[in-house]
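First the structure, in the form of C-alpha coordinates, and then the observations on it.
In the working numbering, the protein residues as written are 1421 to 1680.
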(Lines of atoms letter the chains of each structure in order from A and count residues from 1; the text may use other names and numbers.)
(Lines give C-alpha, C1' and ligand atoms only; values in the text may rest on other atoms or scores of the structure.)
Protein backbone atom coordinates (compact mmCIF):
# COMPACT_ATOMS: atom_id res chain seq x y z
CA UNK A 1 0.00 0.00 0.00
CA UNK A 2 1.09 3.57 -0.62
CA UNK A 3 0.03 5.37 2.54
CA UNK A 4 -0.26 2.80 5.34
CA UNK A 5 1.69 -0.19 6.61
CA UNK A 6 0.03 -3.29 8.02
CA UNK A 7 2.11 -5.65 10.15
CA UNK A 8 0.97 -8.86 11.85
CA UNK A 9 2.62 -10.69 14.74
CA UNK A 10 2.34 -14.34 15.53
CA UNK A 11 0.35 -13.48 18.66
CA UNK A 12 -2.57 -12.09 16.66
CA UNK A 13 -1.65 -8.40 16.96
CA UNK A 14 -2.12 -6.41 13.74
CA UNK A 15 -0.58 -2.94 13.65
CA UNK A 16 -1.86 -0.36 11.16
CA UNK A 17 0.57 2.52 10.73
CA UNK A 18 -0.42 5.70 8.90
CA UNK A 19 2.68 6.34 6.82
CA UNK A 20 2.84 9.88 5.45
CA UNK A 21 5.25 11.37 8.00
CA UNK A 22 6.16 14.29 5.74
CA UNK A 23 2.50 15.39 6.06
CA UNK A 24 2.14 14.37 9.73
CA UNK A 25 0.16 11.43 8.37
CA UNK A 26 -2.61 13.59 6.95
CA UNK A 27 -5.24 11.48 5.22
CA UNK A 28 -5.51 11.86 1.45
CA UNK A 29 -7.89 10.09 -0.93
CA UNK A 30 -5.58 7.10 -1.27
CA UNK A 31 -5.32 6.66 2.48
CA UNK A 32 -9.09 6.75 2.90
CA UNK A 33 -9.36 3.92 0.36
CA UNK A 34 -6.57 1.90 1.95
CA UNK A 35 -7.94 2.33 5.47
CA UNK A 36 -11.37 1.16 4.36
CA UNK A 37 -9.98 -1.96 2.70
CA UNK A 38 -7.72 -2.69 5.67
CA UNK A 39 -10.40 -2.30 8.34
CA UNK A 40 -12.82 -4.51 6.42
CA UNK A 41 -10.13 -7.16 5.89
CA UNK A 42 -9.23 -7.20 9.60
CA UNK A 43 -12.86 -7.58 10.59
CA UNK A 44 -13.06 -10.73 8.46
CA UNK A 45 -9.76 -12.27 9.65
CA UNK A 46 -10.12 -14.62 12.61
CA UNK A 47 -6.36 -14.75 13.19
CA UNK A 48 -6.32 -11.02 13.99
CA UNK A 49 -7.07 -10.76 17.72
CA UNK A 50 -6.35 -7.08 18.42
CA UNK A 51 -5.67 -3.97 16.31
CA UNK A 52 -3.18 -1.19 17.07
CA UNK A 53 -3.49 2.02 15.03
CA UNK A 54 -0.60 4.48 15.09
CA UNK A 55 1.31 6.97 12.96
CA UNK A 56 4.82 7.10 11.53
CA UNK A 57 7.38 9.76 12.31
CA UNK A 58 6.05 10.84 15.71
CA UNK A 59 2.67 12.26 14.69
CA UNK A 60 -0.51 10.22 14.93
CA UNK A 61 -2.58 11.99 12.26
CA UNK A 62 -3.06 15.69 11.51
CA UNK A 63 -6.46 15.11 9.88
CA UNK A 64 -7.55 15.29 6.28
CA UNK A 65 -4.92 16.50 3.82
CA UNK A 66 -5.94 20.03 2.80
CA UNK A 67 -2.62 20.95 1.19
CA UNK A 68 -4.12 20.99 -2.31
CA UNK A 69 -6.03 24.15 -1.40
CA UNK A 70 -9.76 24.90 -1.28
CA UNK A 71 -12.16 23.12 -3.65
CA UNK A 72 -14.43 25.11 -5.99
CA UNK A 73 -17.03 27.12 -4.08
CA UNK A 74 -20.51 25.74 -3.61
CA UNK A 75 -21.86 22.26 -2.89
CA UNK A 76 -20.70 19.57 -5.29
CA UNK A 77 -21.45 15.94 -5.99
CA UNK A 78 -17.74 15.20 -5.69
CA UNK A 79 -17.62 16.56 -2.14
CA UNK A 80 -20.68 14.55 -1.14
CA UNK A 81 -19.12 11.31 -2.39
CA UNK A 82 -15.83 12.18 -0.69
CA UNK A 83 -17.66 12.52 2.63
CA UNK A 84 -19.39 9.19 2.03
CA UNK A 85 -15.89 7.66 1.85
CA UNK A 86 -15.06 9.27 5.20
CA UNK A 87 -18.25 7.86 6.70
CA UNK A 88 -17.51 4.39 5.33
CA UNK A 89 -14.07 4.35 6.97
CA UNK A 90 -15.52 5.52 10.28
CA UNK A 91 -18.17 2.78 10.20
CA UNK A 92 -15.63 0.14 9.17
CA UNK A 93 -13.49 1.03 12.19
CA UNK A 94 -16.53 0.97 14.48
CA UNK A 95 -17.60 -2.43 13.15
CA UNK A 96 -14.26 -4.16 13.69
CA UNK A 97 -15.19 -6.88 16.22
CA UNK A 98 -11.66 -7.11 17.63
CA UNK A 99 -10.49 -4.67 20.33
CA UNK A 100 -8.74 -1.63 18.85
CA UNK A 101 -6.05 0.51 20.48
CA UNK A 102 -4.92 3.95 19.31
CA UNK A 103 -1.24 4.53 20.06
CA UNK A 104 -0.87 8.31 19.94
CA UNK A 105 2.66 9.63 20.09
CA UNK A 106 2.14 13.14 18.72
CA UNK A 107 -0.52 15.32 17.15
CA UNK A 108 -4.02 13.92 16.61
CA UNK A 109 -6.17 16.59 14.99
CA UNK A 110 -9.46 16.76 13.12
CA UNK A 111 -10.31 13.45 11.51
CA UNK A 112 -7.08 12.14 13.02
CA UNK A 113 -8.34 12.98 16.50
CA UNK A 114 -11.61 11.20 15.81
CA UNK A 115 -9.77 8.23 14.30
CA UNK A 116 -8.13 7.83 17.71
CA UNK A 117 -11.39 8.41 19.59
CA UNK A 118 -13.07 5.77 17.42
CA UNK A 119 -10.78 3.11 18.86
CA UNK A 120 -11.81 1.16 21.94
CA UNK A 121 -8.78 2.27 23.94
CA UNK A 122 -6.34 5.18 23.63
CA UNK A 123 -2.81 5.25 25.02
CA UNK A 124 -1.02 8.57 24.51
CA UNK A 125 2.50 9.72 25.15
CA UNK A 126 2.98 12.80 27.32
CA UNK A 127 3.98 14.62 24.10
CA UNK A 128 0.65 13.93 22.37
CA UNK A 129 -1.80 16.72 21.51
CA UNK A 130 -5.45 16.52 20.54
CA UNK A 131 -7.70 18.94 18.69
CA UNK A 132 -11.13 19.00 17.06
CA UNK A 133 -9.55 21.54 14.75
CA UNK A 134 -12.38 21.67 12.19
CA UNK A 135 -13.71 25.13 13.09
CA UNK A 136 -10.27 26.67 12.45
CA UNK A 137 -10.56 25.37 8.87
CA UNK A 138 -14.12 26.62 8.38
CA UNK A 139 -15.50 23.11 8.76
CA UNK A 140 -17.92 21.30 11.04
CA UNK A 141 -16.88 18.17 12.91
CA UNK A 142 -16.78 14.89 10.96
CA UNK A 143 -15.45 11.31 11.13
CA UNK A 144 -17.97 10.51 13.84
CA UNK A 145 -16.82 13.22 16.23
CA UNK A 146 -20.34 14.51 16.87
CA UNK A 147 -21.32 11.00 18.03
CA UNK A 148 -18.12 10.09 19.87
CA UNK A 149 -17.37 13.25 21.83
CA UNK A 150 -20.58 13.52 23.91
CA UNK A 151 -20.28 9.86 24.84
CA UNK A 152 -16.69 10.26 26.01
CA UNK A 153 -16.70 13.63 27.76
CA UNK A 154 -20.33 14.79 28.05
CA UNK A 155 -22.27 17.23 25.91
CA UNK A 156 -21.01 20.57 27.30
CA UNK A 157 -17.36 19.55 27.21
CA UNK A 158 -17.86 18.19 23.70
CA UNK A 159 -19.23 21.54 22.59
CA UNK A 160 -16.26 23.32 24.14
CA UNK A 161 -13.79 21.11 22.28
CA UNK A 162 -15.64 21.38 18.98
CA UNK A 163 -16.64 25.04 18.97
CA UNK A 164 -13.33 26.51 20.19
CA UNK A 165 -11.16 23.96 18.35
CA UNK A 166 -8.40 24.35 20.93
CA UNK A 167 -5.36 22.12 21.03
CA UNK A 168 -5.19 20.27 24.34
CA UNK A 169 -2.34 18.37 25.93
CA UNK A 170 -2.31 14.67 26.65
CA UNK A 171 -2.61 15.44 30.36
CA UNK A 172 -5.79 17.47 29.82
CA UNK A 173 -7.17 14.80 27.50
CA UNK A 174 -6.67 12.26 30.29
CA UNK A 175 -8.25 14.56 32.86
CA UNK A 176 -11.48 14.96 30.88
CA UNK A 177 -11.74 11.29 29.94
CA UNK A 178 -10.71 11.56 26.32
CA UNK A 179 -7.91 8.97 26.62
CA UNK A 180 -7.31 5.95 28.84
CA UNK A 181 -3.63 6.35 29.71
CA UNK A 182 -0.85 8.90 29.34
CA UNK A 183 2.69 7.55 29.60
CA UNK A 184 6.20 8.92 29.05
CA UNK A 185 7.09 8.90 25.36
CA UNK A 186 9.80 6.32 25.95
CA UNK A 187 7.30 3.91 27.50
CA UNK A 188 4.57 4.19 24.85
CA UNK A 189 5.58 1.15 22.78
CA UNK A 190 6.02 -1.06 25.83
CA UNK A 191 2.68 -0.14 27.37
CA UNK A 192 0.73 -0.59 24.13
CA UNK A 193 2.52 -3.87 23.38
CA UNK A 194 1.56 -5.12 26.83
CA UNK A 195 -2.10 -4.17 26.40
CA UNK A 196 -2.21 -5.67 22.90
CA UNK A 197 -0.72 -8.97 24.04
CA UNK A 198 -3.17 -9.21 26.95
CA UNK A 199 -6.13 -8.60 24.65
CA UNK A 200 -4.80 -10.99 22.00
CA UNK A 201 -4.61 -13.72 24.64
CA UNK A 202 -8.24 -13.13 25.65
CA UNK A 203 -11.40 -14.92 24.46
CA UNK A 204 -12.12 -13.44 21.00
CA UNK A 205 -15.82 -14.28 20.81
CA UNK A 206 -16.61 -13.05 24.32
CA UNK A 207 -14.61 -9.85 23.86
CA UNK A 208 -16.29 -9.12 20.52
CA UNK A 209 -19.72 -9.55 22.08
CA UNK A 210 -18.84 -7.33 25.03
CA UNK A 211 -17.55 -4.64 22.68
CA UNK A 212 -20.71 -4.80 20.57
CA UNK A 213 -23.00 -4.52 23.59
CA UNK A 214 -21.07 -1.60 25.07
CA UNK A 215 -21.18 0.21 21.72
CA UNK A 216 -24.96 -0.29 21.63
CA UNK A 217 -25.53 0.61 25.28
CA UNK A 218 -26.74 4.18 24.70
CA UNK A 219 -29.32 3.03 22.17
CA UNK A 220 -31.07 0.27 24.14
CA UNK A 221 -33.15 -0.04 27.28
CA UNK A 222 -31.97 -1.99 30.32
CA UNK A 223 -34.41 -4.73 29.41
CA UNK A 224 -32.94 -4.97 25.90
CA UNK A 225 -29.39 -4.95 27.28
CA UNK A 226 -30.20 -7.82 29.65
CA UNK A 227 -31.74 -9.80 26.80
CA UNK A 228 -28.64 -9.22 24.67
CA UNK A 229 -26.40 -10.28 27.56
CA UNK A 230 -28.38 -13.50 27.92
CA UNK A 231 -27.98 -14.38 24.26
CA UNK A 232 -24.28 -13.50 24.37
CA UNK A 233 -23.66 -15.81 27.32
CA UNK A 234 -25.59 -18.56 25.53
CA UNK A 235 -23.24 -18.16 22.57
CA UNK A 236 -20.19 -18.21 24.86
CA UNK A 237 -21.22 -21.49 26.53
CA UNK A 238 -21.58 -22.99 23.07
CA UNK A 239 -17.91 -22.29 22.28
CA UNK A 240 -14.79 -24.20 23.34
CA UNK A 241 -13.37 -21.13 25.04
CA UNK A 242 -15.72 -20.89 28.02
CA UNK A 243 -15.26 -24.52 29.13
CA UNK A 244 -11.50 -24.04 28.65
CA UNK A 245 -11.55 -20.97 30.91
CA UNK A 246 -13.47 -22.88 33.60
CA UNK A 247 -11.05 -25.83 33.41
CA UNK A 248 -8.10 -23.45 33.64
CA UNK A 249 -9.63 -21.81 36.72
CA UNK A 250 -10.06 -25.21 38.42
CA UNK A 251 -6.57 -26.33 37.38
CA UNK A 252 -5.01 -23.00 38.46
CA UNK A 253 -3.43 -22.22 35.07
CA UNK A 254 -3.86 -19.62 32.33
CA UNK A 255 -6.53 -20.48 29.72
CA UNK A 256 -5.68 -20.97 26.07
CA UNK A 257 -8.41 -19.38 24.00
CA UNK A 258 -8.92 -20.50 20.39
CA UNK A 259 -11.81 -18.30 19.30
CA UNK A 260 -14.14 -21.16 18.46
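Note that CB positions come from ideal geometry on N, CA and C, so glycine has one too.
Looking at the backbone, the Cα of residue 1483 and that of residue 1673 are separated by about 45 angstroms. Taking a cut-off of 8 angstroms on C-beta distances, the region 1565-1582 does not touch the region 1619-1630, as fewer than three cross pairs fall below it. Per DSSP, the unbroken beta strand (DSSP E) holding residue 1427 starts and ends at 1424-1428. Between residue 1439 and residue 1423, the beta carbon gap of about 6 angstroms places them in contact (Cβ cut-off 8 angstroms). With respect to the 9 angstroms criterion, residue 1552 and residue 1569 are classified as neighbours on the basis of their beta carbons. It is roughly 10 angstroms from the alpha-carbon of residue 1473 to the alpha-carbon of residue 1541.
DSSP places residue 1542 within a strand segment (E or B) once states are collapsed to three.
Cβ contact annotation for residue 1441 (same chain, cutoff 6 angstroms, sequence separation greater than five): 1476, 1477, in chain order. When the beta-carbon positions are compared, residue 1611 and residue 1543 come within less than 9 angstroms of each other. Residue environment analysis places residue 1640 among the exposed positions, since fewer than 16 neighbouring C-beta atoms fall within 10 angstroms of its C-beta. Judged by DSSP in its simplified three-state form, residue 1588 adopts strand. Distance from the CA atom of residue 1643 to the CA atom of residue 1479, rounded to whole angstroms, is 43 angstroms.
In terms of Cβ geometry, residue 1567 and residue 1509 do not form a close pair [threshold 9 angstroms].
The beta-bridge partner set that DSSP reports for residue 1603 consists of 1545. Setting aside the 5 residues that flank it on each side, residue 1505 is surrounded in the same chain by 1452, each with a C-beta closer than 6 angstroms to its C-beta; the list follows chain order.
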